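Under our numbering, the sequence shown has 168 at position 167, and the numbering climbs by one with no breaks. All C-beta atoms in this analysis are idealised placements derived from N, C-alpha and C, irrespective of residue type, glycine included. On a predicted model such as this, the values are computed, not experimentally measured, just so you know.
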Amino acid sequence: MRTARSSRRPSDEVAAPPAQKASAAAETAGVRVIASVRGPVVTRLPGDVVIEAAGVGYRVNVSTETLASLPRAGEQATLLTHLILRDDGMHLYGFATQAERELFLMLIGVQGVGPKVALAVLSGGAPRELLNAIATGDIARFQAVPGIGKRTAERIVVELREKVGVPNDLDEPITVTRGDDPRHVARDGLLELGFQPAEAQTLLAAAEGETAEELLASALRGVKR
């Protein structure tokens with residue numbers, strides 16, 4: 002049944018790009034779409050994975066922390082996700098834990114920190130370690146991430162320090178717990194040898210061993226391959 006709502010013919014309509022229409026629909030509905038993805042892992046590559054869900058392969062951008070936690074191709078995996086809609090398309094970011102996703106959302110809320118830079122930050126350590134760095138004002142930890150200068154590193158510490166509820170009163174001590182997990186120790190060893198945080202995490206993701214020494218040796222062997 003035809004209606005007389007508009008006098009314009011179909012040929013006069015200018016179709017919006019799919020990504021723009023999807024973005025508008027999401028904003029109108031006031032919801033976040035694709036909050037998680039579950040299914041077999043199709044591929045695992047540095048920086049992203051493909052997970053098949055209901056017959057659709059979703060390419061998900063991930064940190065090296067999340068990548069290291071995922072199983073081999075063909076096995077089931079679940080990722081919490083956050084969808085970002087832009088003019089150039091739809092970009093899906095995945096996280097192994099809720100803590101990592103929350104930290105990602107806080108990071109992209111800081112001026113000068115985009116999604117790619119935020120993932121680079123998350124690749125530099127577990128969420129707890131990064132929060133400890135924020136608590137202690139370890140600006141160098143963030144400045145070491147590619148794409149982050151001194152001002153942005155300072156902004157991350159100042160703004161997120163407030164959001165995570167870390168006291169700003171210098172008279173009030175902040176307790177920082179440092180784990181003695183072998184992988185953490187091995188990672189510190191790689192950093193001392195001059196590797197960037199993302200490089201160290203990638204090497205350890207493929208390393209084998211139970212002690213820090215075994216993990217470090219295995220990671221260094223991976224450099225020579």
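Residue i to residue j span [Cα, whole Å]
i	j	result
T67	A97	5 Å
R152	L84	28 Å
L217	S37	34 Å
A119	R87	17 Å
G40	L80	9 Å
G210	T203	15 Å
S219	A208	5 Å
I149	D89	23 Å
Q144	K164	20 Å
I35	R142	32 Å
K117	Q197	16 Å
I109	N62	14 Å
Classification of residue i by the beta-carbon crowding that lies within 10 angstroms, buried from 16 upward
i	result
L132	buried
R188	buried
V57	exposed
G113	exposed
P19	With a pLDDT of only 44 at P19, under the threshold of 50, the placement of this residue in the model should not be trusted, and no figure is reported.
V224	exposed
L194	exposed
A55	exposed
Chain-order list of residues whose beta-carbon lies under 6 Å from that of residue i (same chain, five-residue window excluded)
i	result
E160	V111
I140	A154, E155, V158
Spatial neighbours of residue i in its chain, beta-carbon cut-off 7 Å, leaving aside the 5 residues before and after
i	result
T176	Confidence in T176 is poor, its pLDDT being 38 and thus under 50, which makes the residue's placement unreliable; the coordinate value appears in the next sentence. There are no such residues.
L184	Per the sequence presented here, residue 184 reads as Arg, with Leu not at that position. Closer than 7 Å at Cβ, skipping near neighbours: L205, L216.
R102	L81, H83, F96
F105	H83, Y94, F96, A119, L123
E53	G40, P41, V43
Spatial neighbours of residue i in its chain, beta-carbon cut-off 8 Å, leaving aside the 5 residues before and after
i	result
R60	D49, V50, V51, L93
A199	T65, A121, S124, G125, V146, P147
A100	P128, R129
R162	I135, A136, G138, N169
S70	A97
A201	R188, L191, L192, A220
Residue i Cβ short of 7 Å to the ligand GDP heavy atom set
i	result
G210	Inclusion of the ligand GDP in the displayed structure is not the case, the ligand content being empty and no account of it being possible.
The region 73 to 80 contacting the region 40 to 59, beta-carbon criterion three pairs below 8 Å: Taking a contact to require three or more Cβ pairs closer than 8 Å, the region 73 to 80 and the region 40 to 59 qualify as touching.
Contiguous alpha helix (DSSP H) assignments of at least 4 residues, all confined to the region 60 to 98: If we require 4 residues or more, the alpha helix (DSSP H) runs fully inside the region 60 to 98 come out as 65 to 70.
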